[in-house]
Amino acid sequence: MSKLHGYLSRFILGVFAAIFIAACGINTQQQSSTSRQPSPSECQNIQHQLGEACIPTSPQRIIVTSEIILDTVLVLGLKPIAAAEPALVGSRSRHLAGKIDELVSLGNENQPSLEKILQLNPDLILGFNWSFEHNYEQFSQIAPTLPLGSYSHDGWNTSLQRLGEILNRSQQAQQQLDNYQARVEKLKTALGERLNNIEVSVVRFSASGVISLYLHGSSFPGSVLEDVGLPRPKVQQENINSDAVSQRISLERLDLLDGDIIFAVVDPGANEAFTKFQQEPLLQKLKAVQSDRVYIVDSGYWYTGNVLAANAILDDLFKYLVPEEE
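According to this note's numbering, the residues represented by the sequence shown are 117 to 442, in order.
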């Protein structure tokens with residue numbers, strides 16, 4: 117049902133886009149005077165899955181349709197004028213606090229406001245492929261529009277490098293990745309011999325009541341844990357070999373979470389599911405529960421993201437795994 121709702125939302129947006137653009141009188145003649153289409157000498161042609169776009173070499177009025185891309189653009193030293201808000205969280209994640217004070221909201225990323233986008237007169241629109249799947253032509257009439265493929269939970273660093281190349285910010289992208297790696301090494305040093313002896317589970321609680329185990333490596337938080345070298349519990353290694361991002365688990369299989377530490381990623385509206393989880397008798401047998409090492413963390417950056425979110429996860433790892441005196 118959620119997939120159908122997404123298709124309908126994008127179809128409706130596409131229809132609205134066509135009607136709205138027509139109503140505003142955006143035709144070929146008007147585009148030359150009101151839209152921000154760069155001249156060939158001011159842009160580079162980029163091939164993508166939906167066609168081709170001439171991306172300005174120095175964009176000044178960037179709009180992004182995903183908070184993940186917002187994370188990426190900000191660390192490259194660029195400040196978009198507007199961005200859509202995440203569908204999961206419904207508001208900005210706190211790891212972006214102070215970085216987007218003047219940013220205009222385009223509403224939910226599943227259906228950003230086309231009217232606002234038109235009014236803002238952007239010179240570049242960035243988003244994932246699904247954002248433009250049914251209305252790429254409408255967006256590209258407003259400004260050069262670049263679909264950036266699909267989000268890769270464990271390939272966020274490659275995505276940062278790629279966008280850095282496109283926006284002529286390769287040096288900034290590499291510097292951010294170097295800074296992240298330096299923090300990873302610092303955490304490893306602080307953990308010392310404990311590093312290989314701390315088994316960590318990451319479990320997400322959704323508003324619908326679904327409990328999902330996030331896998332190391334293939335998931336976004338798992339990729340950060342893998343960079344640090346923190347192992348997942350042996351019971352997971354023995355019973356879960358999937359390359360999927362996450363695996364839904366039942367209350368009867370809470371043993372799969374058994375480890376020294378559990379990071380609980382609680383979505384907005386998921387308090388009921390988390391409360392039910394806490395009351396389960398099987399939960400009391402887990403080592404992390406017995407030692408009071410179940411930590412609630414922010415789904416805004418433990419769910420998906422890029423280097424800013426990855427650094428926010430490192431902040432939590434330092435907070436909960438490294439004694440204050442260190």
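Glycine included, each C-beta is placed from N, C-alpha and C at the ideal position.
Query, Result
"Cβ distance (whole Å) where K232 is taken to contact A199 below 8 Å", "11 Å between Cβ atoms; not a contact."
"Length of the line joining the Cα atoms of V438 and L307", "7 Å"
"Close Cβ partners of V405 (< 7 Å) along its chain, the five nearest in sequence each way excluded", "L399"
"Burial state of Y436, where buried means 16 or more other Cβ atoms lie within 10 Å", "exposed"
"Identified DSSP bridge partners for H164", "G167"
"Spatial neighbours of S335 in its chain, beta-carbon cut-off 8 Å, leaving aside the 5 residues before and after", "H269, D270, V318, V361 and S362"
"Status (buried if at least 16 other CB within 10 Å, exposed otherwise) for L443", "Nothing about residue 443 can be reported from this structure: the residues present for the chain run from 117 to 442 only."
"Secondary structure of L433, DSSP reduced to three states", "helix"
"Residue nearest to V381 in terms of C-alpha spacing, selected from Y419, N357, L402 and I184", "Y419"
"Residue burial classification, L367 (beta-carbon count within 10 angstroms, cutoff 16)", "exposed"
"Entirely enclosed beta strand (DSSP E) segments - the stretch 235-304, minimum 3 residues", "240-243 and 261-263"
"Same chain only: Cβ atoms within 7 Å of V326, ignoring 5 sequence neighbours per side", "R364"
"C-beta atoms of I282 and T261 nearer than 7 Å", "no"
"Residue interval of the alpha helix (DSSP H) (run including G214)", "It is not in any alpha helix (DSSP H) - G214 carries neither H nor E in the DSSP assignment."
"Under the three-state DSSP convention, the category L329 falls into", "strand"
"Chain B within 7 Å of Q290, Cβ atoms only", "Absent here is chain B; the protein component of the structure consists of one chain."
"Length of the line joining the Cα atoms of S286 and N422", "15 Å"
"Reduced DSSP secondary structure (H/G/I, E/B, other) of P337", "helix"
"The alpha helix (DSSP H) enclosing N224, as first and last residue numbers", "Premise fails: N224 lies in the beta strand (DSSP E), V220 to N224, not in any alpha helix (DSSP H)."
"Anticipated Cβ contact below 8 Å, Q292 with L303, distance rounded", "In fact, because the Cβ distance is near 17 Å, the residues do not count as touching under 8 Å."
"Rounded Cβ spacing between I258 and P238 (contact assumed at less than 8 Å)", "7 Å"
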